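K.L.:
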C-alpha cells in the first residue's frame with residue numbers, strides 16, 4: 028500500500044523527500060481552482076512564474092499574461108486569479124503565463140518529484156482517481172498564505188485523504204491533522220472556513236462568488252499536470 | 028481584547044512578530060511537561076542548551092546534566108526527558124542543564140518576545156490564568172518534531188485557546204485550525220493522539236506511563252518562565 032503525506036506550507040517543503048513520489052499542489056482559493064477551470068475550458072497550457080516581471084516578459088513572447096497579487100489583478104494584465112476570468116472560448120488553445128501570490132512559489136518548492144499534479148475541490152474526485160491509478164507514494168503540498176499554514180488548503184488535503192483512506196496509508200502527523208480537520212468540517216466547507224483569514228480577505232474584495240465556486244466539489248473531471256515547466260492536461 | 032496566534036512549528040517562527048508579546052513554548056511529549064514537573068518538585072532552574080556538548084560543558088561547571096535525543100537518555104547522563112526522572116527530593120534547589128530534541132530549538136527560534144513561558148497539559152489552567160492576567164498579545168509556539176508540525180502540540184494549542192476564547196481574539200488560520208482540532212478531540216486526548224507519530228515512537232520505547240502522565244490535565248499550578256537564559260518559577 029503506498030503512503031500519502033501532507034506538507035502544510037511551502038515553508039515546510041524542505042522536510043519532505045519528493046523523490047519517486049507524486050506531488051499534489053493545492054491552492055484552493057484560488058490558484059489551483061483557476062488552473063483546473065482554465066484548462067478544462069480549453070486553455071492549452073499554463074506557465075507558472077514567480078514574478079510579475081517574468082509574467083510581462085513571457086507576455087511579450089506571445090503568452091497571455093495572468094498576474095495576481097494580494098487577491099487582485101496586477102495593473103497592465105487582463106487576467107487575474109478568478110476562475111471566472113477563464114470561462115471564455117477566447118482563451119481556447121492559448122498559452123498562458125501565470126503568477127500568483129502563493130501557488131507558483133509552492134511549485135518551485137517541490138524538488139525531484141516523479142510527477143506534479145494540481146488539485147482543488149472542483150477536481151477532487153479526479154485527483155483521487157489519478158492517485159489511486161498511479162499507486163505511488165504521494166505528498167499533498169498546500170500553498171498556504173505567504174508561507175503560513177492556511178485552513179482551506181489543509182481542509183482540502185483532509186478531504187482528499189478521506190477519499191484515499193482505503194488505498195493509501197497516512198504518513199506523518201500533518202496527514203492525520205488534515206484528515207481530522209476534514210472530519211470536523213462534516214463536509215460543510217463554507218461554514219467551516221467562515222473565519223479563515225483568506226475567506227475574509229476575499230470577501231472584503233467582494234469575491235464571494237469566487238469563494239462559492241472554489242468550494243464546489245467535482246465540477247471538473249480533469250487533472251492538470253506539470254511537464255517541461257508548463258501545466259497542461 | 029488581546030489577540031493570540033499559534034506557530035505550528037519552530038520552522039514557521041520567522042513568520043511571527045514576537046515583539047511585545049508573550050510566547051508560550053509547548054512540547055507536550057515531553058520537554059515542557061518535564062520542565063513543569065521538575066520545577067514544581069523544587070528544581071531551582073533549568074538552562075536549555077542546543078547541543079549535548081554544551082550540556083556536558085555546563086555539567087562540569089556544577090549543573091546537573093539532562094540530555095535526550097530521539098526519546099532516549101544520552102549516554103553519560105543520568106537524567107533524560109521523562110517527568111518521572113525529576114520527582115525526587117535529590118534535585119531540590121539544584122540547577123539543571125537540559126537539551127532535548129525539539130524543545131530547546133523552539134526556545135531559540137523565538138526572538139524579541141516580551142516574556143517566554145512554558146505550557147503543557149499538566150499546567151494548562153495555570154498558563155491560561157497567567158495569559159489572562161498579563162492581558163497581552165500572545166503566541167503559542169509548538170515545538171513539533173524535527174521542524175515538522177505534530178499532533179500533540181497542536182492539540183495543546185487548541186485546548187489552551189478553548190480556555191482563552193472569551194478573553195482573546197484568535198489571530199490567523201493556525202489558531203483556528205488548532206482550536207477546531209481540539210474540538211474534534213472532544214477532550215479524549217489519548218484516543219485522539221493514538222496514531223500520532225510521536226505517540227508510536229514513545230510507545231515503542233515502552234514509555235506509555237510517560238504518555239499518560241503528559242496527557243493529564245492541570246496536575247500542577249506553576250508556570251515556568253524564561254529569565255536571563257534560564258527557566259524558573
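Chains as they are written, first to last, in the numbering used here: chain A, 28 to 260; chain B, 28 to 260. A virtual CB, placed ideally from N, CA and C, is assigned to each residue, including glycine. Because the structure is a prediction, the values reported are computed rather than measured.
1) Between which residues of its own chain and residue 112 (chain A) is the CB-CB distance below 7 Å, once the five residues before and five after are set aside?
2) Taking 8 Å as the CB-CB cut-off, is residue 203 (chain B) touching chain A?
3) Please list the partners that residue 211 (chain A) has in chain B, where partner means a Cβ-to-Cβ separation under 9 Å.
4) Enumerate, from N- to C-terminal direction, the unbroken beta strand (DSSP E) stretches of 3 or more residues contained entirely within the region 121–151 of chain A.
5) At a CB-CB cut-off below 8 Å, which residues of chain B make contact with residue 176 (chain A)?
6) Is there at least one Cβ from chain B nearer than 8 Å to residue 223 (chain A)'s Cβ?
7) Do residue 75 (chain B) and residue 134 (chain B) have their CB atoms nearer than 8 Å?
8) Can you name, in chain order, every residue of its own chain whose Cβ lies under 6 Å from the Cβ of residue 240 (chain A), other than the five neighbours on each side?
9) Alpha carbon to alpha carbon, what distance is there between residue 170 (chain B) and residue 117 (chain B)?
10) Does the beta carbon of residue 181 (chain A) sit closer than 8 Å to a beta carbon anywhere in chain B?
11) What are the partner residues of residue 92 (chain B), as DSSP defines its beta bridges?
12) If distances are taken between C-alpha atoms only, which option among B:165, B:217 and B:131 comes closest to residue 192 (chain B)?
13) Using beta carbons (cut-off 8 Å, strictly below), is residue 10 (chain B) in contact with chain A?
14) Taking Cβ to Cβ, would you say residue 180 (chain B) is nearer than 8 Å to residue 203 (chain A)?
15) From A:198, A:175 and A:186, pick the residue whose C-alpha is nearest to that of residue 245 (chain A); which is it?
16) Would you check if the distance between the CB atom of residue 98 (chain B) and the CB atom of residue 124 (chain B) is smaller than 8 Å?
17) Output the boundary residues of the alpha helix (DSSP H) element that contains residue 201 (chain B).
18) In this structure, what does DSSP give as the bridge partners for residue 259 (chain B)?
19) My guess is that residue 94 (chain A) and residue 126 (chain A) are in contact by the Cβ rule of under 8 Å, so how many angstroms apart are they, rounded?
20) Would you tell me roughly how many angstroms separate the C-alpha atoms of residue 155 (chain B) and residue 253 (chain B), rounded to the nearest one?
21) Using only the alpha-carbon positions, how far apart do residue 189 (chain A) and residue 174 (chain A) sit?
22) Bridge partners for residue 46 (chain B) per DSSP, in chain order?
P.N.:
Reading off the structure:
1) Along the first chain, one-based indexing puts residue 112 (chain A) at 85. Around residue 112 (chain A): 106.
2) For the purposes of this step, residue 203 (chain B) is taken as the residue at position 176 of the second chain. Yes, residue 203 (chain B) counts as interfacial toward chain A.
3) Numbered from 1 along the first chain, position 184 holds the residue referred to as residue 211 (chain A). Simply 207, 208, 210 and 211.
4) As summarised for the region 121–151 of chain A, the continuous beta strand (DSSP E) elements at least 3 residues long and confined to that stretch are 122–126 and 142–146, given in chain order.
5) As a working note, residue 176 (chain A) is residue 149 in the first chain. 35, 39, 176, 200, 201 and 204, listed in chain order.
6) As a working mapping, residue 223 (chain A) is identified with position 196 in the first chain. Yes - at least one Cβ of chain B is within 8 Å of the one on residue 223 (chain A).
7) If you number the second chain from 1, residue 75 (chain B) lands on position 48. If you number the second chain from 1, residue 134 (chain B) lands on position 107. In this structure, residue 75 (chain B) lies near residue 134 (chain B), with their beta-carbon atoms less than 8 Å apart.
8) Counting from 1 along the first chain, the entry for residue 240 (chain A) is found at position 213. So the list reads 110, once near-sequence residues are dropped.
9) Within the second chain, numbered from 1, the residue matching residue 117 (chain B) stands at position 90. Within the second chain, numbered from 1, the residue matching residue 170 (chain B) stands at position 143. Cα to Cα, residue 117 (chain B) sits roughly 29 Å from residue 170 (chain B).
10) Here residue 181 (chain A) refers to the residue found at position 154 of the first chain. The beta-carbon of residue 181 (chain A) is placed less than 8 Å from the nearest beta-carbon of chain B.
11) Residue numbering aside, residue 92 (chain B) sits at position 65 when the second chain is read from its first letter. B:124, per the DSSP bridge assignment.
12) Along the second chain, read from residue 1 onward, the residue named residue 192 (chain B) stands at position 165. Comparing Cα positions, the closest option is B:165.
13) Chain B is shown only over 28 to 260; residue 10 (chain B) falls outside these bounds and no answer can be derived.
14) In the second chain, residue 180 (chain B) corresponds to position 153, counting from 1. In the first chain, residue 203 (chain A) corresponds to position 176, counting from 1. In this structure, residue 203 (chain A) does not lie closer than 8 Å to residue 180 (chain B) by Cβ.
15) Here residue 245 (chain A) refers to the residue found at position 218 of the first chain. Nearest option by C-alpha distance: A:186.
16) Along the second chain, read from residue 1 onward, the residue named residue 98 (chain B) stands at position 71. Along the second chain, read from residue 1 onward, the residue named residue 124 (chain B) stands at position 97. Not closer than 8 Å, so no.
17) As a first step, residue 201 (chain B) is located in the second chain; it is residue number 174 there, counting from the start. That run of the alpha helix (DSSP H) goes 200–212.
18) Within the second chain, the letter at position 232 stands for residue 259 (chain B). Beta-bridge pairing links residue 259 (chain B) to B:252.
19) As a first step, residue 94 (chain A) must be located in the first chain, where it is residue number 67. As a first step, residue 126 (chain A) must be located in the first chain, where it is residue number 99. Distance from residue 94 (chain A) to residue 126 (chain A) at the Cβ level is roughly 5 Å; contact confirmed, criterion being Cβ atoms closer than 8 Å.
20) For the purposes of this step, residue 155 (chain B) is identified with residue 128 of the second chain, where counting begins at 1. For the purposes of this step, residue 253 (chain B) is identified with residue 226 of the second chain, where counting begins at 1. Whole-angstrom Cα-Cα distance: 17 Å.
21) To locate residue 189 (chain A), count along the first chain from 1; it is residue 162. To locate residue 174 (chain A), count along the first chain from 1; it is residue 147. For residue 189 (chain A) and residue 174 (chain A), the distance between alpha carbons rounds to 25 Å.
22) In the second chain, the residue the question calls residue 46 (chain B) occupies position 19. Residue 46 (chain B) has B:140 as its beta-bridge partners, per DSSP.
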